[in-house]
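Student:
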Amino acid sequence: MKMRGPVSARAILLGAAAGLVGGLAMTLLMLGLRAVLGVPTTAELVGDRIAALLPLDFFLSLLSFFGGYNHLKQLGAGATLAGQLAAAVAGGALLGYLAERAWKSSAPGEAAPRLGIARGPLKIVAALAVGAWLLLLAALWPNLDTEYAGLPPGGAMAVTIVALAVDLAAYVAVTIGAYRLLKASDTGPSGEMAAPFGGATRRRVLTGGIGLGLAVISGGLLKRLFEMATFSYDGTQYSGPDLKPITPNDRFYQVTKNLIDPQVSAAVWRLEVSGHVDRPATYDLAAIQAIAPIQQETTLMCISNPIDWGLMSNAVWTGIPMRMLLEAAHPRPGAVEVLCHAADGYTDSFAFDKAMERTTLVAYRMNGETLPQRHGFPARLIVPGMFGEKNVKWVTRIEVVDQPAKGFYEQQGWGPNFEVPNRSRIDGPDLSQAIPLGRSVQLHGVAFGGDRGVSKVEVTTDNQRTWKPGSLTYPGTALTWAFWSYTWQPKRAGDYKLAVRMTDGEGRLQTAERRGTAPQGATGYDTANVSVDS
Numbered sequence: 002m003k004m005r006g007p008v009s010a011r012a013i014l015l016g017a018a019a020g021l022v023g024g025l026a027m028t029l030l031m032l033g034l035r036a037v038l039g040v041p042t043t044a045e046l047v048g049d050r051i052a053a054l055l056p057l058d059f060f061l062s063l064l065s066f067f068g069g070y071n072h073l074k075q076l077g078a079g080a081t082l083a084g085q086l087a088a089a090v091a092g093g094a095l096l097g098y099l100a101e102r103a104w105k106s107s108a109p110g111e112a113a114p115r116l117g118i119a120r121g122p123l124k125i126v127a128a129l130a131v132g133a134w135l136l137l138l139a140a141l142w143p144n145l146d147t148e149y150a151g152l153p154p155g156g157a158m159a160v161t162i163v164a165l166a167v168d169l170a171a172y173v174a175v176t177i178g179a180y181r182l183l184k185a186s187d188t189g190p191s192g193e194m195a196a197p198f199g200g201a202t203r204r205r206v207l208t209g210g211i212g213l214g215l216a217v218i219s220g221g222l223l224k225r226l227f228e229m230a231t232f233s234y235d236g237t238q239y240s241g242p243d244l245k246p247i248t249p250n251d252r253f254y255q256v257t258k259n260l261i262d263p264q265v266s267a268a269v270w271r272l273e274v275s276g277h278v279d280r281p282a283t284y285d286l287a288a289i290q291a292i293a294p295i296q297q298e299t300t301l302m303c304i305s306n307p308i309d310w311g312l313m314s315n316a317v318w319t320g321i322p323m324r325m326l327l328e329a330a331h332p333r334p335g336a337v338e339v340l341c342h343a344a345d346g347y348t349d350s351f352a353f354d355k356a357m358e359r360t361t362l363v364a365y366r367m368n369g370e371t372l373p374q375r376h377g378f379p380a381r382l383i384v385p386g387m388f389g390e391k392n393v394k395w396v397t398r399i400e401v402v403d404q405p406a407k408g409f410y411e412q413q414g415w416g417p418n419f420e421v422p423n424r425s426r427i428d429g430p431d432l433s434q435a436i437p438l439g440r441s442v443q444l445h446g447v448a449f450g451g452d453r454g455v456s457k458v459e460v461t462t463d464n465q466r467t468w469k470p471g472s473l474t475y476p477g478t479a480l481t482w483a484f485w486s487y488t489w490q491p492k493r494a495g496d497y498k499l500a501v502r503m504t505d506g507e508g509r510l511q512t513a514e515r516r517g518t519a520p521q522g523a524t525g526y527d528t529a530n531v532s533v534d535s
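For the sequence shown, our numbering begins at 2 and goes up steadily by one.
1. Measuring alpha carbon to alpha carbon, tell me which of Val455, Ser456, Glu411, Ala483 ends up nearest His445.
2. For the candidate residues Ala133, Gln465, Ser441, whose alpha-carbon lies nearest to that of Ala170?
3. In chain order, which continuous runs of the alpha helix (DSSP H) of length 4 or greater are located wholly inside the segment 325–373?
4. Could you tell me whether the Cβ atoms of Val401 and Gly220 are closer together than 8 Å?
5. Starting from Thr28, follow the alpha helix (DSSP H) in both directions and report where the run begins and ends.
6. Using only alpha-carbon positions, find the residue among Ile304, Gln296, Ser305 that is nearest to Val317.
7. How big is the Cα-Cα spacing for Asp285 and Phe66?
8. Let's test the definition: count the other Cβ atoms within 10 Å of the Cβ of Ala287 and tell me whether it reaches 16, buried, or not, exposed.
9. Tell me Glu514's beta-bridge partners as DSSP assigns them.
10. Please report how far the alpha carbon of Ala201 lies from the alpha carbon of Ser9, in whole angstroms.
11. Do Gly346 and Asp527 have their beta-carbon atoms positioned less than 8 Å apart in this structure?
12. Evaluate Gly522 with the Cβ neighbour count: other Cβ atoms within 10 Å of its Cβ, from every protein chain shown; 16 or more gives buried, anything less gives exposed.
13. Looking at C-alpha atoms only, which residue of Ser314, Gly155, Ile218 is the closest neighbour of Pro246?
14. What's the C-alpha gap between Leu244 and Ser305?
15. Between the Cα of Ala26 and those of Asp452, Gly210, Thr348, Ala494, spot the shortest distance and give me the residue it belongs to.
16. Quick one, which of Arg359, Ala291, Glu273 has its alpha-carbon nearest Thr299's?
17. How many whole angstroms separate the CB atoms of Ala19 and Tyr180, which I take to be in contact at a CB cut-off of 8 Å?
18. Taking all protein chains shown into account, decide if Leu135 is buried (16 or more other Cβ within 10 angstroms of its Cβ) or exposed.
19. Looking at the secondary structure, which residues open and close the beta strand (DSSP E) in which Asp403 lies?
20. Does DSSP put Gln297 in a helix, a strand or coil?
21. Could you check what DSSP says for Arg493 in three-state terms: helix, strand or coil?
22. Pick helix, strand or coil for Ala448, following the three-state DSSP scheme.
23. On the DSSP bridge assignment, give the partners of Asn530 in chain order.
24. Apply the 10 Å Cβ neighbour rule to Ala448 and answer buried if 16 or more other Cβ atoms are within range, or exposed otherwise.
25. Quick check: Pro379 and Gly39, are their CB atoms within less than 8 Å of each other?
26. Buried or exposed: which applies to Gln413, given that a residue is buried once 16 or more other Cβ atoms fall within 10 Å of its Cβ?
27. Apart from the five residues just before and just after Trp142, which ones in its own chain have a Cβ nearer than 6 Å to its Cβ?
28. If you pair each beta-carbon of the segment 48–62 with each one of the segment 406–422, do three or more pairs fall below 8 Å?
29. In whole angstroms, what separates the C-alpha of Glu338 from that of Ile399?
30. If you check the beta carbons only, do Ala140 and Ala119 fall under 8 Å apart?
31. Please state if the CB of Val501 and the CB of Arg426 are separated by a distance shorter than 8 Å.
32. Please determine if the segment 84–99 and the segment 249–261 are in contact, where contact requires at least 3 C-beta pairs separated by less than 8 Å.
33. Assuming Met387 contacts Glu420 (C-beta within less than 8 Å), just tell me the rounded distance between them.
34. Report yes if the CB atom of Trp468 is closer than 8 Å to the CB atom of Thr474, and no otherwise.
35. Which runs of the beta strand (DSSP E) fall wholly inside the segment 123–171 and span at least 3 residues, in chain order?
36. Within the same chain, show all residues whose beta-carbon is closer than 6 Å to that of Ala17, passing over the 5 residues directly before and after it, in chain order.
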């Protein structure tokens with residue numbers, strides 16, 4: 002049947018307004034589920050999915066361009082939320098177009114549809130919503146096992162899949178409801194459908210009020226979530242003149258990929274041991290704590306830590322050897338690696354032989370206290386000698402695999418070697434000002450050899466022509482850093498170039514070759530230029 006005139010721009014605009022209200026309702030529901038149940042938002046899922054796929058050089062260039070990871074995370078989250086609302090508005094505009102088109106194509110005197118919208122447009126919008134859901138599942142599949150309250154990956158994936166469906170269903174329902182309020186779908190005395198956009202001032206005011214209310218509540222939730230965000234502490238270094246051999250929990254260095262770190266519930270959390278094993282098992286926190294614990298002092302360091310930075314700290318961890326859980330699971334022959342999953346969707350892997358070492362722990366206490374949320378409560382991995390990213394926080398699954406597997410950052414191009422190289426640094430004193438001739442200077446700093454310990458530290462004050470032994474004021478253990486000092490009294494005025502190097506417990510000397518943090522961690526000597534005044 003011939004249409005009674007073209008579809009009006011007004012119909013599309015009112016549909017777009019309804020779509021905005023539906024998009025705000027969907028956003029509010031999404032934020033509420035995140036705040037209350039730890040269900041990931043699309044912003045977090047999309048951000049993690051894209052980050053893992055970015056080539057390392059491009060990722061680092063983005064960090065540089067946007068001024069660091071925090072700014073990049075904020076931009077990505079904002080862009081995803083804005084894109085989500087834009088898509089919601091477009092969906093509403095399509096509904097408006099299809100609804101008026103169907104009305105103008107209807108026979109004269111035809112009764113108005115029960116919902117004020119013909120079935121055809123409703124079916125199309127519903128089909129598009131289902132298609133959007135399936136597209137999200139396909140695109141985000143590797144990240145759908147994220148659940149910030151601590152559900153194991155299988156349960157987490159089911160919750161996330163259902164939550165995405167509920168979010169989209171809420172969008173469709175609210176958009177249709179808002180459109181009906183705007184549409185004023187009364188029928189005339191002869192049964193014909195009235196023009197859909199007349200005489201609905203009160204309904205439009207009500208719809209606008211609902212939209213404004215949703216925006217205000219969503220803004221409040223966003224503010225609350227922003228206050229919970231990692232921006233205030235991500236990248237925190239442990240440095241300064243008051244370093245202690247054992248780092249206080251509240252000063253332990255912080256690096257996280259997350260917008261908001263998990264707030265894991267001990268009652269919900271489970272640790273699965275599965276994969277290439279004969280006896281997969283699941284443990285709650287009480288079961289882990291019932292196993293005889295050990296205490297182990299171990300230093301962790303981020304792979305992104307330049308030679309003279311403080312993304313490195315030391316703690317005494319309480320936990321159990323991972324090998325106890327693996328042995329109970331009866332690994333099958335051919336086990337190559339363990340792929341470890343976390344509540345925040347993070348994954349990382351390391352060699353099965355490393356997992357079976359006595360010093361590789363599932364830890365639940367830190368410096369005698371319950372593991373802090375920021376550091377992986379209720380349990381995290383401690384993998385001595387490996388960079389921090391391998392020491393997975395909020396761990397929920399240890400999966401034995403029979404072939405190499407790449408974790409979150411390894412997919413970007415970090416590695417392939419994640420063993421901490423020998424390193425040392427000069428922490429003090431402040432050498433930015435000239436030193437008076439004749440004054441003794443107490444140089445000091447830290448050295449770290451991964452899981453090989455530190456056997457000696459040497460200092461040069463003549464641009465590496467000669468090296469003098471320093472003193473180990475805190476020798477540490479094979480798994481920790483060491484503190485060193487060296488008393489220097491310049492014999493003449495002038496400019497000096499200082500440097501420090503260390504030798505590990507296996508006799509390996511720190512390399513002088515300078516390289517950046519990407520892709521395998523920084524190497525080279527830490528140096529300082531000093532002026533001595535007469």
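Every residue gets a Cβ at the ideal spot worked out from N, C-alpha and C, and that includes glycine.
Tutor: In short:
1. In terms of Cα proximity to His445, the closest of Val455, Ser456, Glu411, Ala483 is Ala483.
2. Ala133
3. Qualifying alpha helix (DSSP H) stretches, in chain order: 353–356.
4. no
5. 10–38
6. Gln296
7. 43 Å
8. Label assigned to Ala287: exposed.
9. In the DSSP output, where bridge partners are listed per residue, Glu514 has none listed.
10. At Ala201 the pLDDT is 47, less than 50, meaning the model places this residue with poor confidence; the figure from the coordinates comes in the next sentence. Cα to Cα, the separation comes out at about 17 Å.
11. no
12. buried
13. Among Ser314, Gly155, Ile218, the Cα nearest to that of Pro246 belongs to Ser314.
14. 20 Å
15. Gly210
16. Arg359
17. 4 Å
18. exposed
19. Looking at the DSSP string, Asp403 is not in any beta strand (DSSP E), and its letter there is neither H nor E.
20. Note: Gln297 maps to strand in three-state DSSP.
21. coil
22. strand
23. Beta-bridge pairing links Asn530 to Lys498.
24. buried
25. Their beta carbons are not under 8 Å apart, which means Pro379 does not touch Gly39 by this criterion.
26. buried
27. none
28. yes
29. 10 Å
30. no
31. yes
32. no
33. 7 Å
34. no
35. none
36. Val90, Gly93, Ala94
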